[in-house]
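**Student:**
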Amino acid sequence: MAYVSSNRTTAALSLGDRFADIRKDLAAAWRAHSIYRQTLRELQGLSARELNDLGLNPTMLRSIALEAAYGKKG
């Protein structure tokens, strides 16, 4: 069986509205990436002892920063 779906909301939007939506999406992506970079930088600045006290190891830092910026995946 074939399914057809259409997205009429984008068809009803003007070009200016579409650009505004794209701009909002890009701004949100930039903010999330900034949070990722800042979190990773701060975590990488911790000593091995501080990481151990927190129960972390260096291989976990990227995934922690990703979760902080973009939320839990999966």
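Residue numbers (UniProt numbering): 1 to 74. Don't be surprised by glycine CBs; every beta carbon is placed ideally from N, CA and C. Model, not experiment: these values are computed from the prediction.
Give, in chain order, every unbroken run of the alpha helix (DSSP H) that is at least 4 residues long and sits entirely within the UniProt domain "YjiS-like" (26–62).
**Tutor:** 48–53
**Student:** Classify residue 54 as buried or exposed, calling it buried when 16 or more other Cβ atoms lie within 10 Å of its own Cβ.
**Tutor:** For this step, residue 54 is matched to residue 54 along the sequence shown. Counting Cβ neighbours within 10 Å, residue 54 comes out exposed, since fewer than 16 surround it.
**Student:** According to the neighbour-count rule (16 or more other Cβ atoms, all chains shown, within 10 Å of its Cβ), is residue 13 buried or exposed?
**Tutor:** The residue labelled residue 13 in the question sits at position 13 within the sequence shown. Per the 10 Å Cβ criterion, exposed.
**Student:** Do residue 61 and residue 36 come within 8 Å of each other at the CB atom, strictly closer than that value?
**Tutor:** As a working note, residue 36 is residue 36 in the sequence shown. As a working note, residue 61 is residue 61 in the sequence shown. No, these two residues do not count as a Cβ contact at 8 Å.
**Student:** Which of the three DSSP states, helix, strand or coil, is assigned to residue 16?
**Tutor:** The sequence position of residue 16 within the sequence shown is 16, counting from 1. Of the three classes helix, strand and coil, the one that applies to residue 16 here is helix, per DSSP.
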